[in-house]
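Residues 1 to 384 in the numbering used here are what the sequence shown spells out, letter by letter. Each residue gets a CB set at the ideal place from its N, CA and C atoms; glycine is no exception.
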Amino acid sequence: MRINRHKKLFTIGGIVILTLLLQLSLVFAQDFPRGLHLSWQNDPATTMTLMWRSGPDTEGVVEYGTSPEYAYSVESEVHSYRYGRTDVYWHTAELTGLEPNTIYHYRVGTSEPWQSENYTFKTGIPEGDDTPFRIAVITDTHGHHDNQKKVLEAIKEENVDFILGLGDFTDTGNQVEWDIWFSAGEGLLSEMPFISVHGNHEGNQTTYWEQFAYPGNERWFSLDYGTVHLVFLMAASEPLAVEQVPWIQQDLQANNNPWTIAMGHIPLYSAGLNHGSSDYLIAHWASIFDEHGVNLYLAGHNHCYERSLPVKDGRVDAEGVMYITHGPVGEKLYAVGQEWWTDVAIENVSMYVLYSVEGSQIKGTAKALDGSILDEFVLEHPSF
Ligand SMILES: [Fe+2]
């Protein structure tokens with residue numbers, strides 16, 4: 001009788017401990033992994049890079065294929081850094097040899113153990129192929145994560161192929177802000193590749209560089225997607241602008257795609273009343289853009305929207321560059337004036353912009369967070 005009671009107590013105790021362990025593992029599982037997001041380090045048509053955050057001492061794997069049966073798998077590499085008193089662990093895995101313009105199914109897992117939901121992504125269009133596609137451009141969240149979530153959900157509905165970021169997604173670049181930023185993108189950045197330029201508010205902290213995987217030195221690089229050559233630049237200081245000049249010249253010289261879209265956080269020409277134009281970017285970059293027929297230069301930073309007339313050699317010219325300053329996703333809003341280059345200027349509205357690349361035309365649509373259209377335009381290629 002006594003032995004039985006002990007047995008019973010032992011059994012109940014075991015169940016209680018097991019339940020506690022299960023609950024603990026669930027808490028742990030909910031805590032990690034997180035921040036699963038997609039980007040490119042190489043050819044968008046045949047590769048995809050995935051990153052996600054985990055707890056310490058884990059191994060990770062991506063299972064993927066053109067059906068949810070996942071014919072392939074690849075192991076991740078883990079890197080870590082110390083932020084305050086926390087060690088932060090990120091997994092990175094690059095899938096290679098993929099079929100262009102194809103939907104892939106995938107899930108990621110770590111040895112914690114944990115497995116993600118099933119997600120899909122679409123590989124890019126091969127360089128030079130004129131299949132139409134859509135890009136969403138977002139910038140300057142500045143900690144307004146509700147707006148970010150709203151915009152990412154809207155972008156998902158819009159069926160865009162990938163997202164370009166123009167910087168300032170945090171106020172100070174600290175890990176807590178980034179954790180909230182990734183949390184707002186949970187389940188969305190795992191299906192839409194996100195490639196960004198560095199903003200001045202990303203700061204001197206290493207967090208930005210540790211959490212994204214981009215081509216080359218990750219600071220300035222280019223990608224070809226269909227008929228568009230995309231050039232990502234660091235615009236936040238004159239020494240950096242000067243340092244990139246030889247690379248920009250070489251990169252644009254080697255470009256074979258008809259369309260060229262360059263981007264940096266800081267605008268060249270802007271009638272923004274808070275920051276305005278950048279004299280040093282105009283001095284060091286504008287003539288290179290003119291010489292190599294850059295079609296569009298995209299920027300954020302000034303927290304207002306402005307679409308320029310085509311500008312070449314410092315004046316309006318039909319064959320010049322269209323400069324677009326993007327209004328913020330967040331709610332830090334600055335006023336905008338009117339200058340000789342200004343075609344459309346809009347202030348005091350949080351927004352995102354969609355670009356649809358369709359052969360010899362790029363159609364742009366700037367939208368407010370409620371989906372209402374703020375600006376629409378068609379850019380015709382001068383010699384497609
Ligand atoms: Fe900003």
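{"Asked": "Tyr-352 versus Thr-139: straight-line alpha-carbon distance, rounded", "Found": "8 Å"}
{"Asked": "Heavy atom of ligand 1 within 7 Å of Gly-165 beta-carbon", "Found": "no"}
{"Asked": "Outcome for Val-197 when other beta-carbon atoms lying within 10 angstroms are tallied against a minimum of 16", "Found": "buried"}
{"Asked": "Beta-carbon proximity check, Tyr-208 vs Ala-262, cutoff 8 Å", "Found": "no"}
{"Asked": "Trp-114 - DSSP class collapsed to helix/strand/coil", "Found": "strand"}
{"Asked": "Counted within 10 angstroms of its Cβ, other Cβ atoms place Asn-302 as buried (16 or more) or exposed", "Found": "buried"}
{"Asked": "Endpoints, alpha helix (DSSP H) assigned at His-145", "Found": "145 to 157"}
{"Asked": "Any heavy atom of ligand 1 within less than 5 Å of residue CB: hits in chain order", "Found": "Asp-140, Asp-168"}
{"Asked": "DSSP-derived helix/strand/coil call for Glu-376", "Found": "strand"}
{"Asked": "Buried or exposed (CB count within 10 angstroms, at least 16 for buried), Pro-382", "Found": "exposed"}
{"Asked": "Option nearest Trp-40 by Cα separation, candidates Thr-92, Pro-56, Gly-55", "Found": "Thr-92"}
{"Asked": "DSSP bridge partner residues for Met-51 (one or two, in chain order)", "Found": "His-37, Thr-92"}
{"Asked": "Supposed contact pair Ile-125 and Asn-159 - C-beta distance, whole angstroms, cut 8 Å", "Found": "That belief does not hold up - the Cβ atoms of Asn-159 and Ile-125 are roughly 14 Å apart, past 8 Å."}
{"Asked": "Of the listed residues Ser-372, Phe-384, Glu-358, Lys-367, nearest to Val-378 (C-alpha basis)", "Found": "Glu-358"}
{"Asked": "Reference Asp-174; option with closest CA among Ala-236, Val-88, Pro-246", "Found": "According to the sequence as given, residue 174 is Asn; it is not Asp. Nearest of Ala-236, Val-88, Pro-246 to Asn-174, Cα basis: Val-88."}
{"Asked": "For Tyr-208, the three-state DSSP class (helix, strand or coil)", "Found": "helix"}
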